[in-house]
Amino acid sequence: MLLYCAEALNETGQPDQAKIYLNMVRKRARNTPKIDPQRISSVWDSTYVGDLLPDVTTSNKLELHEDIWHEQRVELAQEGHRRWNLIRTRRFKERMEAAKGDKGCTVEDHEWLLPIPGDEVSASQGRIKQNPGY
């Protein structure tokens, strides 16, 4: 939620407030204990002593926008929300084709939507139409 708030604040011209929320997320990540059971399968250099995840300082709307999206990508990577975030931000087609286009992956227009359950279409007595492609 903090990153969604940061995104909304940045989009409404409040970059300083947006940075507070963004940097709260980065601070939490910075302060993760070095001995963390969640890191067992990760490759992590515990000898690193440099600046890890420094606070974001830019107030430029576009730069902050990219920083927030990057943080969302990192935070949502293992939570099963990445696809929906890409769809919400209208970057799904671009990102999927960039990542898998060499394997022939293309995103069709109907893949931006989910099918409407048939029971719901039937119960609406024709008022609800099935999404295209399903």
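The sequence shown runs 156 to 289 under the numbering used here.
Built from N, CA and C at the ideal position, the CB exists for glycine as well.
Check, Outcome
"Which listed residue (GLY256, ASP222, GLY281 and PRO287) has its alpha carbon closest to that of LEU269", "PRO287"
"Pairwise C-alpha distance: GLU230 and ASP222", "12 Å"
"Nearest residue (CA-CA) to GLU372, options LEU208, GLU275, HIS225 and THR261", "Nothing about residue 372 can be read from this structure; the chain reaches only from 156 to 289."
"Simplified DSSP state of GLY273, which is helix, strand or coil", "helix"
"Sub-7 Å separation of ASP210 and ASN186 beta-carbons", "no"
"LEU207 beta carbon less than 7 Å from that of THR213", "no"
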